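Trainee: Let me give you the structure first, and then I'll get to my questions.
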Amino acid sequence: MAYTAKEDRYSKMKYNRCGRSGLKLSALSLGLWHNFGSCDNYDNMVAMVTTAFDLGITHFDLANNYGPYPGSAEENFGKIMKHEMAPYRDEIIVSTKAGYGMWDGPYGDHGSRKYLIASLDQSLKRMGLEYVDIFYHHRPDPETPMEETASALAHIVKSGKALYAGVSNYNAEQTKRMSEIMREMGVPLLIHQPRYNMFERQIENGLQTVLEHEGIGSISFCPLAQGLLTNKYIHGIPEGSRATKSKFLTADRIKPELIEKVVKLNAIAEGRGQTLAQMALAWNLRGGKLTSVLIGASRPSQIEENVKALENSEFTAEELEAIDAALAD
Ligand code: NDP
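Just so we're on the same page, my numbering is the position in the sequence shown counted from 1, plus 814.
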């Protein structure tokens, strides 16, 4: 039987305005980078997407290359949209991206107009959608003039294939320039997608100031450092965890020094009545600087746990100091 969304789905989630735009995003969003590929369990994917939506998560983030194989996450999401979520298309924000290597030859990577427009056409076909809500340039391309990438994004928005445009992994200076160029083209940059978590705080060194000044929203990726900022690796590497199966989180990163920090952070989280995952997400949300926090999950129960971060997303000065001290040791 096709899915019917829960009636109370909007009762607990917060919705934050994305920069100076008209668009609001759920404070937590769900990313489909891992666990939505051709090798993954389809029923589990459906359960994750519908659980998220029932909890008020309205934003689902993809990219052309998510899989494996590259493109299969978009295919699976397209299947879920068609069979389960079709009645809710106007309640959902779908994003996708292009910027990393996707197909052979000189036109399947980086930031040319040729690549971006062809890639979005492919993504739309894979997802069976007429448009995406947000289309991102996935990473800066130093070899393509920024004006060309910007004009491709502006063209995509004006053609209606995406409603808004964003960038990801751009530094402060690149973001400022891109924002200025796009504003001149009449398509303001909606959002930036940077990496941000308690271990990786580079956006605090200038990017956040640019985003505030330019009125650009932000959505952080890897807020749990791919699972390191949870209690799951404290007693070793559990079977089936990302560190056992992804080239993006290899077991050699999980060193005793890192786990010592995690243990300290876990104790602070317990003192707040939260799991470490919840505290790590609350920490991202603190002070309302980010529009949304982009979580990943391998099962619905993680999404249920993580959404509860919203019940306590403010910190005392002492708690923030204790977190900084735990990270600094
Ligand atoms: P997270 O840092 O949130 O890590 C998610 C992983 O942590 C899960 O898959 C799961 O791994 C584990 N986890 C989640 N919740 C819990 C919990 N409560 N308890 C224990 N373990 C938990 O995010 P991701 O690294 O998945 O990135 C999120 C999204 O960000 C991506 O899907 C993508 O959309 C986007 N992204 C964008 C990038 C870009 O360049 N723009 C780059 C990377 C990501 P496990 O399998 O071990 O259970």
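Built from N, CA and C at the ideal position, the CB exists for glycine as well. Computed from a predicted model, the values in this text were never measured in an experiment.
1. Following the continuous beta strand (DSSP E) through V1077, name the residue where it begins and the one where it ends.
2. Since A861 is in the alpha helix (DSSP H), which residue starts that stretch and which ends it?
3. Give me the residue from D1143, N1098, I1109, Q1116 with the minimum Cα distance to N1126.
4. Report the partner residues of I948 according to the DSSP bridge assignment.
5. Taking all protein chains shown into account, decide if M859 is buried (16 or more other Cβ within 10 angstroms of its Cβ) or exposed.
6. Just tell me which of G942, P1070, F1129 has its CA closest to the CA of N890.
7. Check whether the Cβ atoms of S937 and T910 sit closer than 8 Å, and answer yes or no.
8. Do you know offhand how far K928's Cα is from C1036's?
9. Is any heavy atom in the ligand NDP found nearer than 7 Å to the beta carbon of H873?
10. With hydrogens ignored, establish whether the beta-carbon of C1036 is closer than 7 Å to any heavy atom of the ligand NDP.
11. Is T1044 near the ligand NDP - that is, is its Cβ less than 7 Å away from at least one heavy atom of it?
12. By the three-class DSSP mapping on this structure, what secondary structure does D923 have?
13. Identify whether E1053 lies in helix, strand or coil by the three-state DSSP scheme.
14. At which residues does the alpha helix (DSSP H) containing L1099 begin and terminate?
15. For D1138, name the three-state secondary structure that DSSP assigns.
16. Can you check the region 987-1041 for any beta strand (DSSP E) of at least 3 residues that lies completely inside it and give the ranges in chain order?
17. I want to see whether chain B comes within less than 8 Å of N1120, judged by CB atoms only; does it?
18. Any heavy atom of the ligand NDP inside 7 Å of the beta-carbon of N1120?
19. Is I907 close to the ligand NDP? I mean its beta-carbon at under 7 Å from any heavy atom of the ligand.
20. Give me the DSSP bridge partner(s) of Y829.
21. Three-state secondary structure (DSSP) at L1108?
22. Considering just the uninterrupted stretch of the beta strand (DSSP E) at H873, what are its terminal residues?
23. May I have the straight-line CA-CA distance separating A976 from I970, to the nearest angstrom?
Mentor: According to the structure data:
1. Premise fails: V1077 lies in the alpha helix (DSSP H), 1070-1085, not in any beta strand (DSSP E).
2. 856-868
3. N1098
4. S909, Y978
5. buried
6. G942
7. yes
8. 29 Å
9. no
10. yes
11. yes
12. coil
13. coil
14. 1090-1099
15. helix
16. 1003-1007, 1031-1035
17. Any reference to chain B falls outside this structure, which holds one protein chain only.
18. yes
19. no
20. S840
21. strand
22. 873-875
23. 6 Å
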